[in-house]
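**Q** Here it is, the structure, as structure tokens.
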Amino acid sequence: MIEIENSILAVSIEFPEYIYLMTDSLQMEDFSSPDNRIIYAKIQKLVQEKEEISWIKIEAYLRGKTKEPILGRLLEYSRGFYRMGIERCLRDNIKTLKKENAKRAIAQEIERQVKDPAVELETIIEIAERGVYISNKDEDGSFETAMTEYLEAKKQDKTNINMGYPTIDKNVGGLLFGELVGIMARTSVGKTFLALNIIEHMANKTDLMIGLFSQEMSKVSVIERIAQLHFGMTRWELIEKVRSGGLNLYDIKRQYEKKLNIYSHIYSTSEIGRIVERDALKIVFIDYLQLMRKTKGRSLYEATTYQIAELKEMAKNLDILIVLLIQVSRKAEGGWEPVTIDMARESGAIEENCDFLIGMWSPALKDGSGAEWENKLIVRLLKNKRGPSVGITCRFDFQTGKIMELGHE
């Protein structure tokens, strides 16, 4: 962390117009190095006295006050920085430092708790979970900052994310980082294939890194379904082509290699959060909610309620988009009954925390449904925080997994 501290101080001195980012977010005790604390205290004093901040002033002040000459070392951290992106760099370093300090404090608290023979495991788990999404407690809430973030978001096309189904996309108006989208269906209706269709669309339309947490299917099964979609083949045709060497898989590798990560273990929300940060994911698909690892000692209702709130918190604090697949209750019968907003299993918190809820069902699954429903799905936007709900009829090619919009209500 010393290197992060050095970088924050060096950039703040080199570009004093950004010093407020450091002084508004950090305190002297956030710096572990005694020398860096001395430098921070001097910078803070200069700011309070409204004096100019420069390397010359800092150098003069440090003479005889630090254990070793450190100005030259700090200067190395300021070289190579350019004004374009300097603010983002400084913000990221400040965020990293605060997270590391918070994790250290959490670890110390856990160490203190485990010395108590009466402490319960759930207490330790809850303390650990506090450190998963550490946000800046001194967040700048000014309107100017909000406007700056809005303009930056528009400039970077942050809202240019959609699902590839025109009617739903038009009513949603673009998905934003920080939002949670739920897709609800009974088992075997096709919600995983719907997610893969959306992933295929996003991979073609954006360079953002996507992560698929497939907690039901293995990576082999996921790749097989992605290949079915890509090549428009049945599973058996695909297997035969792969075994005979008659299929060029380079094309699919080129399309997804730098855009999609696939994870097939069972994870908790906190574990997914760590992977998101480690692998710089910006769009996250989770298949599906009920398979996620839950905290022991809670009822299923309590665990799901807590988990869905955590997922929404993760979306906001890590500035990502989450698409969450959800298994619905038996009210949906065998998958042919229209899905309603109250069918989410275990917890009403799903409706409360999701910004958008999509229900899907297949009338063709019911005996005697009629030929008009053959190979068709209903996909309905049940909750839309930016507009009306709307439903679409889709053609579902059960052989290849392709789901295409045919029309809307």
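All letters in the sequence shown, in the order written, are residues 1 to 409 by full-length UniProt numbering.
Just so you know, even glycine gets a beta-carbon here, dropped at the ideal spot from N, CA and C.
Just so you know, these numbers come straight off a predicted model, no measurement behind them.
Under 8 Å, do THR269 and GLU302 count as touching if we go by C-beta distance?
**A** No, the pair does not count as a contact, with Cβ atoms beyond the cut-off.
**Q** Candidates ASP287, GLU51, MET22, ILE392: which alpha carbon is nearest ARG186's?
**A** ASP287
**Q** Is the region 201-210 touching the region 347-361 in the sense that three or more CB pairs, one from each, lie closer than 8 Å?
**A** no
**Q** Exposed or buried, what is ASP157 when buried is set at 16 or more other beta-carbons lying within 10 Å of its beta-carbon?
**A** Note on ASP157: pLDDT 45, under 50, position unreliable in the model; the coordinate value appears next. Exposed, by the Cβ-count rule.
**Q** Taking the alpha-carbon of LYS98 as reference, which of LEU62, ASP169, SER25, LYS316 has the nearest alpha-carbon?
**A** SER25
**Q** With LYS402 as the anchor, note down where its beta strand (DSSP E) starts and where it stops.
**A** Judged by DSSP secondary structure, LYS402 falls outside any beta strand (DSSP E); it is assigned neither H nor E.
**Q** Secondary structure at TYR256, three-state DSSP: helix, strand or coil?
**A** If DSSP states are grouped into helix, strand and coil, TYR256 belongs with the helices.
**Q** State yes or no: is the C-beta of ILE198 within less than 8 Å of the C-beta of VAL328?
**A** no
**Q** Classify THR304: buried if its beta carbon has 16 or more other beta carbons within 10 angstroms, exposed otherwise.
**A** With a threshold of 16 other beta carbon atoms within 10 Å, THR304 meets it and is buried.
**Q** Between the beta-carbon of THR192 and the beta-carbon of MET217, is there less than 8 Å?
**A** Taking 8 Å as the Cβ cut-off, THR192 and MET217 qualify as a contacting pair.
**Q** How many whole angstroms separate the CB atoms of ASP30 and ASN93, which I take to be in contact at a CB cut-off of 8 Å?
**A** About 12 Å separates the two Cβ atoms, so there is no contact after all.
**Q** Is DSSP giving THR393 helix, strand or coil here?
**A** Residue state, collapsed to three classes: strand.
**Q** Let's see if you can read the secondary structure: which residues bound the alpha helix (DSSP H) around residue 413?
**A** No statement about residue 413 is possible, as the shown extent of the chain runs from 1 to 409 and does not include it.
**Q** Of all the options GLY401, GLY246, VAL119, which has the alpha carbon lying nearest to the alpha carbon of LYS376?
**A** The option with the nearest alpha carbon to LYS376 is GLY401.
**Q** Is the distance from the Cβ of ASN162 to the Cβ of GLY178 below 8 Å?
**A** no
**Q** Within 10 Å of its beta-carbon, does TRP236 have 16 or more other beta-carbons around it, so buried, or fewer, so exposed?
**A** exposed
**Q** Would you kindly work out how many angstroms separate the C-alpha atoms of ALA41 and ALA107, rounded to a whole number?
**A** 27 Å
**Q** Just mark GLY182 as buried or exposed, buried being the case when its beta carbon has 16 or more other beta carbons within 10 Å.
**A** buried
**Q** Pull up the CB-CB distance for LYS219 and ILE262, whole angstroms please, since I reckon it's below 8 Å.
**A** The distance from the Cβ of LYS219 to that of ILE262 is about 5 Å, consistent with a contact at the 8 Å cut-off.
**Q** Just grab the DSSP bridge partners of ASP287 for me.
**A** SER214
**Q** Suppose you measure from the CA of LYS366 to the CA of SER389; what does that come to, to the nearest Å?
**A** For LYS366 and SER389, the distance between alpha carbons rounds to 25 Å.
**Q** Distance, Cα to Cα, GLN48 vs LEU325?
**A** So the alpha carbons of these two residues sit roughly 51 Å apart.
**Q** Please classify ARG83: is it buried, with 16 or more other beta-carbons within 10 angstroms of its beta-carbon, or exposed?
**A** Because ARG83 sits at a pLDDT of 42, beneath the cut-off of 50, its placement in the model cannot be relied upon, and the following sentence gives the value as read from the coordinates. Classification for ARG83: exposed.
**Q** Roughly how many angstroms separate the alpha carbons of PHE398 and ILE308, rounded to a whole number?
**A** 31 Å
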